[in-house]
Amino acid sequence: QENRRLTEIARQNQIKRQQIFEETEKLKQQEEANKRAERLHQLLQQEEQEAERKALMKIAQDKEERMKLMLEQQRQAEEERLRKVTQEREERNRELRENELESERARQVKVKKAQEELQRLQRLREEEEAKLRRIKDQ
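Using full-length UniProt numbering, read the sequence shown as starting at 1 and increasing by one per residue.
Structural data, given as structure tokens:
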């Protein structure tokens with residue numbers, strides 16, 4: 001009977017050891033699962049931070065590109081304005097030169113007419129003087 005009781009105690013102890021072993025294994029598995037979950041959580045956080053960093057970089061890059069585009073448009077508009085101003089100035093200068101040339105031509109025509117009139121009057125005077133000399137000589 002003592003043997004039976006000791007055998008039963010030994011069997012109960014074996015069952016308890018087996019339960020303790022199984023519980024220990026479960027705890028080890030849970031601990032590993034917790035470690036994996038923590039690693040995954042950290043990886044997810046890193047990925048989120050990286051995604052946020054990339055999004056901020058993209059926003060900054062887009063803003064910089066918009067700024068460059070705006071500056072380029074302003075530069076082109078200024079170049080166009082300067083081109084128009086230069087073109088208008090050149091046109092005014094050309095008109096002024098044309099007016100000056102026209103005025104010079106008109107002046108030259110007047111001078112030539114005045115010289116021709118002067119020569120005609122000088123011939124008339126010489127003719128009149130010659131007539132007077134002939135009359136006086138007679």
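Virtual Cβ for every residue (Gly too), placed ideally from N, Cα, C. None of the values given here were measured: they were computed from a predicted structure.
Query, Result
"Using three-state DSSP, classify Gln138 as helix, strand or coil.", "coil"
"Which value, in whole angstroms, describes the spacing of the CA atoms of Ile135 and Arg105?", "44 Å"
"Please report the distance separating the alpha-carbon of Leu27 from that of Glu47.", "30 Å"
"In three-state DSSP terms, what is Gln1?", "coil"
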